[in-house]
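Colleague: Pasting a structure below so you can have a look.
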Amino acid sequence: LGHAYEYAFPPFPFNPLLSVQYYSLASQQGEAEADMALSKWFLCGADGAFEKDEGLAVTFTDKAAKKGLHSAEFAMGYYAEVSIGGPKDFEVARKWYAK
């Protein structure tokens, strides 16, 4: 349902808060894709719903990466490379990219 509310698949309206709520439930059940979806929400925020939070974005991406989600491993490398959620660290970025 998080996906349905994120992309407004009929009959579900676009609703960032419900999307985050349902993705959070899936995340609590160990779904790495839900962790990554939450990361994307928090990386950008949602106008009128919640502000962006790079720290939470990195937290959820790291959670997904530790479960072996390749897109999350790449994202962790990118975040380290361009200083999202912390200082630039090319060595950390290389380690994530090498996974």
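Counting in my numbering, the sequence shown runs from 4 upward without gaps.
The C-beta atom is built at its ideal place from N, Cα and C for all residues, glycine as well.
1. To the nearest angstrom, how far is it from the Cα of Pro14 to the Cα of Tyr25?
2. On the three-state DSSP scale, how would you describe Phe15?
3. Give a yes or no on contact between the segment 48–55 and the segment 76–87, applying the rule of three or more CB pairs nearer than 8 Å.
4. Based on the DSSP output, what are the partners of Phe93 in its beta bridges?
5. Give me the DSSP bridge partner(s) of Phe45.
6. Roughly how far, in whole angstroms, is the beta-carbon of Thr64 from the beta-carbon of Ser30, given that I think they are within contact range, below 8 Å?
7. With distance defined between alpha-carbon atoms, name the residue in Gly88, Gly89 and Lys69 nearest to Trp99.
Modeller: The structure says:
1. Here residue 14 refers to the residue found at position 11 when the sequence shown is read from its first residue. Here residue 25 refers to the residue found at position 22 when the sequence shown is read from its first residue. Whole-angstrom Cα-Cα distance: 16 Å.
2. In the sequence shown, the residue the question calls residue 15 occupies position 12. Three-state DSSP puts Phe15 in coil, outside helix and strand.
3. no
4. Counted from its first residue, the sequence shown places residue 93 at position 90. DSSP lists no partner for Phe93.
5. By one-based count along the sequence shown, residue 45 stands at place 42. Its beta-bridge partners do not exist; DSSP assigns none.
6. The count along the sequence shown starts at 1 and reaches residue 64 at position 61. The count along the sequence shown starts at 1 and reaches residue 30 at position 27. Actually they are not in contact, since the Cβ atoms of Thr64 and Ser30 sit about 12 Å apart, beyond 8 Å.
7. On the sequence shown, residue 99 is found 96 positions in, with the first residue counted as 1. The shortest C-alpha separation from Trp99 is found at Lys69.
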